[in-house]
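Same order as they appear, the protein sequences are chains A and B. Residues 1 to 393 in my numbering are what the first sequence lists, from first letter to last. Residues 1001 to 1393 in my numbering are what the second sequence lists, from first letter to last. Below is one structure, written out as structure tokens, with a few remarks after it.
Protein chains: 2
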Amino acid sequence: MTFSVRMSRIKASGIRAVQKRIAGKEGMISFAAGLPDPELYPLEDLRKAADTMLEKEGAKAFAYGLTKGYGPLLDFLTDRMNNREGVECTKENICMLSGSQQGLGMAAMMFIDEGDVVITENPSYLGAINAFRPYGAEFKGVDTDDDGIVIEDLEKVLAETPKAKLIYVIPNFQNPTGKAWSLERREKFMEVVSKYDVVVVEDNPYGDLRFKGEQLPHLRALDKKGQVMYLGSFSKILSPGMRVAWACASPEVAKAIEELKETNDLQSPELTQMLTYYYLSMFDLEEHIREIQVVYKERCELMVEMIKEHFPPEIKYTDPEGGMFLWLELPEGLDSDKILDDAVAAGIAYIPGESFFSFEGVTNTIRMNFTMVKDEQIREGIRILGDVFKKYI
Amino acid sequence: MTFSVRMSRIKASGIRAVQKRIAGKEGMISFAAGLPDPELYPLEDLRKAADTMLEKEGAKAFAYGLTKGYGPLLDFLTDRMNNREGVECTKENICMLSGSQQGLGMAAMMFIDEGDVVITENPSYLGAINAFRPYGAEFKGVDTDDDGIVIEDLEKVLAETPKAKLIYVIPNFQNPTGKAWSLERREKFMEVVSKYDVVVVEDNPYGDLRFKGEQLPHLRALDKKGQVMYLGSFSKILSPGMRVAWACASPEVAKAIEELKETNDLQSPELTQMLTYYYLSMFDLEEHIREIQVVYKERCELMVEMIKEHFPPEIKYTDPEGGMFLWLELPEGLDSDKILDDAVAAGIAYIPGESFFSFEGVTNTIRMNFTMVKDEQIREGIRILGDVFKKYI
């Protein structure tokens, strides 16, 4: 049995490796998760929406639909993108996806030929890096600082990379760092990329989880040339297991996604799209999002407060305005993957940051999740983790 | 915006083109469908299953799950494959998919390098041909007769095609012809392919729709070398819109599917997999399948009877033992695509067969669907279509 060259390039997720290291250990406090808190799903409302949908739609909920997506849901999203997200668009710009991850897989198929270069932030979401890898993409990283992607570095990388084909970015509360780009960075970024024939994949699963500061425009809203393929998702604000997400891009790209999706999985399930729509039409999504924001804000602020109190001052941390993660930088020379053994022995898990880089060798960073831990766990976990770190610093 | 080479190879579906030609025309009798009859979905049972699932599982129905699939459903399928389908397997052999189409897309990604040859039956399912096209596959066809794939032709094609990489077949009630392979052909096929380093993708969406004759062993059941990637689906026996399907293959291939799926869409929706499992555990799938078989048998037999009565004797037709389609061969020289204009003017639609071939030029065939038409429509539609054909013969 001979696999394609593509398969030799697939890399196992570093996150899964950590999950194996903590599997079966009881009483662990885990900051290693990447999930929204299931206790915040609007379960009763989803049940009512399911009842009403099954009552009203009958067989339609179980039948084939269009590859592009369920019509009323496309209408809802078009309206929300225009009126809440500040992105002018029509249904021609939108195609439903089975989770944002499908948008990443499709972007890879649609744009990457052997040897093309994908530019990512340093660090970036490894699920994206892994999606691009099989098609022969090479990677270049651009540094980020507290305001987002560093424009001078981006300009340099673009100028010296004629095979740059696609730039993958997460401007809102990035996985793994939790950072959000400033307005100025967004504007300058679009100014710079507009000079090149590159596609920008703007991944925005966390944008609605802003619990501090003002909402800032999406790159897609600043996009004058139709370069940006925006990915939105209900995974973090409604339900990750329904896998309902969408792309908003130029009509040309939206059409290409639809054509490619037809050969890939024909369509996303009608049932999950329809249920999402019934929930949206019967209940107030924005009110539900505000409830999530309140809880995540508390947890994030408590984590930052505890870090200040218990971590050695040499450890840098981000102080996110939204999302699900914050990011630690230990002093150089320390190896967060090795320290994880001690942390796990003390009952604490986190994700070492190295696997979020497209290159190897950055060993002193850590991704911390604050959405899947209760206040008491944050208090106790950060205190214990502080003690572990103090042994090394 | 520059797309990858892959995208230039995507071909629009010929079936969609026909659907556009009949769109908006009222009172059409359509034999052009490719759907199971929604009136046969076990709607009340699915609703009860949904109620019970939401009651018992709560947030779990909306949460992330494993890429490989929902555990209890994997167990059910393992058991059914062993005890009803005659395929020895464990969970190591199985990975859930979002519809069989995802299995085709993944087979393409997993196995096809530029210039590899995919062998298909002549004709074959165009959704498969379209899934393999973007990755640079070339195609060779092997003829079929009433007993299935023609072994001598297969041997010849394999012997003269060193780059043969994958063989795509539908041994049960093939789309488009409705033919099923005999036992002897299945055994000889496996004997022949076992001499080559080729993967066999056995697509079996229609196997459970056998309404005449004996169930015959799957190729996967006759597979001694682990060459066969079997695709099963609930689309035609439960609900197409839930997109619940699975692959059963060697552990090596099942693992590769899982790894690739992680980068492609992370996982199939937990909700649809869980709902399928609740339906299966609360109700009798096999009894439900028997009800579908009775209805489709009646419709198929009526269509064959009407064809005998009303079509010119020069037109050949298949007499399927299951599935959703039968296949017409008009006398050579006739163009079923041109005749479709006359048929549509007379209120009848069908799918011209040309697009089911990986090469152009076979213009005298037609795919007829019998699952989406009621008895009265079959009687009237075939009579009218007979009159249309008589103008040409």
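Ideal placement from N, C-alpha and C gives every residue a C-beta, glycine not left out. Just so it is clear, the structure is predicted and the values come from calculations on it, not from any experiment.
Are the C-beta atoms of Arg-367/A and some chain B residue less than 8 Å apart? It does not: the Cβ of Arg-367/A has no partner Cβ on chain B nearer than 8 Å.
Thr-52/A - containing beta strand (DSSP E), residue span: Thr-52/A -> not in any beta strand (DSSP E); alpha helix (DSSP H) instead, spanning 43 to 57.
Shortest alpha-carbon distance to Ile-1251/B belongs to which of Asp-1037/B, Gln-1227/B, Lys-1156/B? In the sequence as displayed, the identity of residue 1251/B is Pro instead of Ile. For Pro-1251/B, the nearest C-alpha among the options comes from Gln-1227/B.
In the DSSP assignment, find the alpha helix (DSSP H) that holds Cys-1300/B and state where it starts and stops. 1285 to 1310 is the span of the alpha helix (DSSP H), which, as asked, contains Cys-1300/B.
Is there a Cβ from chain B that is less than 8 Å from the Cβ of Pro-240/A? By the rule that beta-carbons nearer than 8 Å mark a contact, Pro-240/A touches chain B.
Inspect the CB distances between the region 1144 to 1151 of chain B and the region 1177 to 1184 of chain B and report whether three or more fall short of 8 Å. Touching, yes, given that three or more Cβ pairs across the two stretches are closer than 8 Å.
With H, G and I counted as helix, E and B as strand and the rest as coil, what does DSSP make of Ile-149/A? Correct three-state label for Ile-149/A: strand.
Report the rounded CA-to-CA distance for Glu-187/A versus Lys-140/A, giving the unit in angstroms. CA-CA distance, Glu-187/A to Lys-140/A, rounds to 22 Å.
Which of the three DSSP states, helix, strand or coil, is assigned to Ile-1384/B? Of the three classes helix, strand and coil, the one that applies to Ile-1384/B here is helix, per DSSP.
Checking 8 Å against the spacing of the C-beta atoms, do Ile-10/A and Glu-1259/B come in under that value? The answer is yes: Cβ separation under 8 Å.
How would you list, in chain order, the residues of chain A whose beta-carbon sits under 7 Å from the beta-carbon of Tyr-1064/B? Residues of chain A passing the Cβ test: Leu-35, Pro-240, Gly-241.
Counting only runs of 3+ residues fully inside the region 1053 to 1105 of chain B, write out the beta strand (DSSP E) ranges in chain order. Whole beta strand (DSSP E) segments, 3+ residues: 1094 to 1098.
Tyr-41/A: contacting residues in chain B (beta-carbon distance under 7 Å): Under the 7 Å cutoff, chain B gives Ala-1059, Phe-1062.
Please list the partners that Ala-1017/B has in chain A, where partner means a Cβ-to-Cβ separation under 7 Å. Here the premise fails: no neighbours, minimum Cβ distance about 13 Å.
Gly-105/A vs Ala-137/A beta-carbon contact at 8 Å: No, the Cβ-Cβ distance between Gly-105/A and Ala-137/A is not below 8 Å.
Chain A beta carbons: is any one of them nearer than 8 Å to that of Ala-1131/B? It does: the Cβ of Ala-1131/B has a partner Cβ on chain A nearer than 8 Å.
Which residues, in order along the region 91 to 124 of chain A, keep a beta-carbon less than 7 Å from a beta-carbon of chain B? The residues in question are Ser-98, Gly-99, Gln-101, Gln-102, Gly-105, Met-109, Met-110, Phe-111, Ile-112, Asp-113.
Per DSSP, Gly-1322/B forms a beta bridge with which residues? Checking the DSSP bridge columns, you'll see Gly-1322/B partnered with Arg-1210/B.
Give me, in chain order, the residues of the same chain whose beta-carbon lies closer than 6 Å to that of Ala-33/A; leave out the 5 immediate sequence neighbours on both sides. Contacts found: Asn-369, Met-372.
Which residues, in chain order, does the region 1191 to 1213 of chain B contribute to contact with chain A at a C-beta distance below 7 Å? For the region 1191 to 1213 of chain B, which is checked against every Cβ of chain A, the residues closer than 7 Å are Asp-1197, Val-1199.
Rounded separation between Val-1304/B and Gly-1241/B - CA only: Whole-angstrom Cα-Cα distance: 29 Å.
Identify whether Gly-1232/B lies in helix, strand or coil by the three-state DSSP scheme. Three-state result, Gly-1232/B: strand.
Of all the CB atoms in chain A, is at least one closer than 8 Å to the CB of Val-1169/B? False, the Cβ-Cβ gap to chain A never drops below 8 Å.
So, does the CB of Gly-376/A fall closer than 8 Å to a CB anywhere in chain B? Gly is not the amino acid found at residue 376/A; the sequence shown has Glu there. With respect to chain B, the C-beta atom of Glu-376/A has no partner C-beta closer than 8 Å.
Verify whether the separation of the beta carbon atoms of Val-1142/B and Glu-1160/B is less than 8 Å. With respect to Glu-1160/B, Val-1142/B sits apart: the two C-beta atoms are not nearer than 8 Å.
Between the C-alpha atoms of Met-81/A and Ser-233/A, what's the straight-line distance to the nearest angstrom? Taking the Cα positions, Met-81/A is about 12 Å away from Ser-233/A.
Shortest alpha-carbon distance to His-394/A belongs to which of Ile-22/A, Leu-43/A, Lys-338/A, Ile-315/A? The question about residue 394/A has no answer, for chain A in this structure spans 1 to 393.
Please give me, in chain order, every unbroken run of the beta strand (DSSP E) with length at least 3 that falls completely inside the region 212 to 277 of chain A. Listed in chain order, they are 228 to 233, 244 to 248.
Within-8 Å CB hit, Ala-23/A to chain B: No, no contact with chain B.
Tell me whether Val-1201/B is buried or exposed, calling it buried when 16 or more other Cβ atoms sit within 10 Å of its Cβ. Under this definition Val-1201/B is a buried residue.
What are the residues in the region 261 to 284 of chain A lying within 8 Å of chain B by C-beta distance? Residues of the region 261 to 284 of chain A that bring their beta carbon within less than 8 Å of a beta carbon in chain B comprise Glu-262, Thr-263, Asn-264, Asp-265, Leu-266, Gln-267, Ser-268, Pro-269, Glu-270, Leu-271, Thr-272, Leu-275, in sequence order.
Keeping to the same chain, check which residues put their C-beta closer than 6 Å to that of Val-1362/B; ignore five residues upstream and five downstream. Apart from the 5 residues on each side of it in sequence, Val-1362/B sits with its Cβ closer than 6 Å to the Cβ of Glu-1354 in its chain, given in chain order.
Once DSSP output is grouped into helix, strand and coil, what is the label at Lys-390/A? Reduced to three states, the DSSP call for Lys-390/A is helix.
Would you mind telling me which residues of chain A sit closer than 9 Å to Ile-1292/B, beta carbon to beta carbon, in chain order? The contact set of Ile-1292/B on chain A, defined by CB atoms closer than 9 Å, is empty, because the minimum CB distance reaches about 14 Å.
Between the CA atoms of Met-1001/B and Ser-1008/B - distance to the nearest angstrom: Each residue's alpha carbon lies about 13 Å from the other.
Should Pro-38/A be flagged as near chain B, meaning a C-beta pair shorter than 8 Å? Yes - at least one Cβ of chain B is within 8 Å of the one on Pro-38/A.
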